[in-house]
Amino acid sequence: MLGLPNTIHALLFDLDGVLTQTAKVHGVAWKETFDRFLRERDGVGFTPFDPRRDYDTFVDGKPRLDGTRSFLESRGIELPTGDEGDPPGTATVYGISNAKNDLVLRLIHDGGVEVYPGSVRYVHAARAAKLPCAVVSSSANCEDVLRAAGIHHLFDTIVDGLVAKRDHLEGKPAPDTFLAGAKALGVAPAHAAVFEDALAGVAAGRAGDFGHVVGVDRVGQAEELRGHGADVVVSDLDELLDDPSGDTAGDRSGDPATGRPSAEGTA
Numbered sequence: 001m002l003g004l005p006n007t008i009h010a011l012l013f014d015l016d017g018v019l020t021q022t023a024k025v026h027g028v029a030w031k032e033t034f035d036r037f038l039r040e041r042d043g044v045g046f047t048p049f050d051p052r053r054d055y056d057t058f059v060d061g062k063p064r065l066d067g068t069r070s071f072l073e074s075r076g077i078e079l080p081t082g083d084e085g086d087p088p089g090t091a092t093v094y095g096i097s098n099a100k101n102d103l104v105l106r107l108i109h110d111g112g113v114e115v116y117p118g119s120v121r122y123v124h125a126a127r128a129a130k131l132p133c134a135v136v137s138s139s140a141n142c143e144d145v146l147r148a149a150g151i152h153h154l155f156d157t158i159v160d161g162l163v164a165k166r167d168h169l170e171g172k173p174a175p176d177t178f179l180a181g182a183k184a185l186g187v188a189p190a191h192a193a194v195f196e197d198a199l200a201g202v203a204a205g206r207a208g209d210f211g212h213v214v215g216v217d218r219v220g221q222a223e224e225l226r227g228h229g230a231d232v233v234v235s236d237l238d239e240l241l242d243d244p245s246g247d248t249a250g251d252r253s254g255d256p257a258t259g260r261p262s263a264e265g266t267a
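Spelled out as structure tokens, the structure:
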């Protein structure tokens, strides 16, 4: 049992906070980066970055530059965009973003990547049901993280920050990257499910008119996820495997563009 409507024929998963526990790493990196900047700017009396409220509200699920801008705007701080090659820590949007990215890579290198076991079980069940799966992430480090976690082979395609930059796709909460993921899998949005832990990501799934949006509540924001458009909220994806209201995990390999089952497949 996958806990999904019969009309769903492909799955689109966010990375951080849904498949891997790298959201914790990102939270640590954002806090250290912003606190260093704020301390240098405002002195010892600065107001630190809140790893729960500020992370969830301003940076979670967004492309790195957008997250930097969003948090700075919340503090009434305006910085020049700068250039992609700005040294980490430069007082530009790129400089702060580059500092954060360097720290994330160092933390991942030193500590590795943990997965959510329930999510991995769910993806294995989806593969057994012959459902195509994609990862749709704002991270530019998505492929490295998937390989470090040992789950890269489970996914048919990846739409990440590098793809978004190359194809000029708007980041979440715009639906562009999820729409690109559905297109890469050959399915219409109405026949694809989105799995997201970030408010911006859930909003993107709803904005793209996807057939089912699953909110993954890791931090106690179930109502906010519903308010942003989640059809259902779970604390871990393996809860859906026990959901008697969903479809069975049998072969669902119909015509993905229309949602109609093939002659051999079951709806």
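The opening residue of the sequence shown carries number 1 in UniProt numbering; numbering runs sequentially from there.
From the three backbone atoms N, C-alpha and C, an ideal C-beta is built for every residue, glycine too.
These numbers were taken from a predicted model, which means no experiment stands behind them.
Nearest-angstrom Cα separation, counted from residue j out to residue i
{"i": "Phe136", "j": "Leu15", "result": "With the sequence shown as reference, residue 136 is identified as Val, and Phe is not the correct amino acid for it. In a straight line, the C-alpha of Val136 is about 7 Å away from that of Leu15."}
{"i": "residue 271", "j": "His109", "result": "The structure shown has nothing for residue 271, since the chain only spans 1 to 267."}
{"i": "Asp83", "j": "Gly161", "result": "17 Å"}
{"i": "Gln21", "j": "Lys31", "result": "17 Å"}
{"i": "Pro132", "j": "His191", "result": "12 Å"}
{"i": "Ala128", "j": "Asp156", "result": "14 Å"}
{"i": "Gly201", "j": "Leu107", "result": "24 Å"}
{"i": "Thr47", "j": "Glu78", "result": "17 Å"}
{"i": "Asp144", "j": "Ala23", "result": "15 Å"}
Coarse secondary structure for residue i, derived from DSSP in three states
{"i": "Ala230", "result": "coil"}
{"i": "Thr20", "result": "strand"}
{"i": "Glu196", "result": "strand"}
{"i": "Phe210", "result": "coil"}
{"i": "Ala91", "result": "coil"}
{"i": "Ala37", "result": "The question names Ala, but residue 37 is Phe in the sequence shown. It is helical."}
{"i": "Ala10", "result": "strand"}
Buried versus exposed call for residue i [16 or more other C-beta atoms within 10 Å across all chains shown]
{"i": "Phe195", "result": "buried"}
{"i": "Ser139", "result": "buried"}
{"i": "Pro189", "result": "buried"}
{"i": "Thr33", "result": "buried"}
{"i": "Leu4", "result": "buried"}
{"i": "Val59", "result": "buried"}
Closest residue to residue i among the options (Cα-Cα distance)
{"i": "Ala180", "options": "Leu2, Ala10 and Asn6", "result": "Ala10"}
{"i": "Val93", "options": "Phe37, Gly45, Phe46 and Ala125", "result": "Phe37"}
{"i": "Val216", "options": "Gly61, Arg39, Phe71 and Asp35", "result": "Gly61"}
key: the region 96-105 contacting the region 118-134, beta-carbon criterion three pairs below 8 Å   = No, the region 96-105 does not touch the region 118-134.
message = Contact between the region 172-181 and the region 142-154 is defined here as three or more beta-carbon pairs at a separation below 8 Å; is this criterion met?
response = The region 172-181 makes no contact with the region 142-154: fewer than 3 CB pairs, one atom from each, lie closer than 8 Å.
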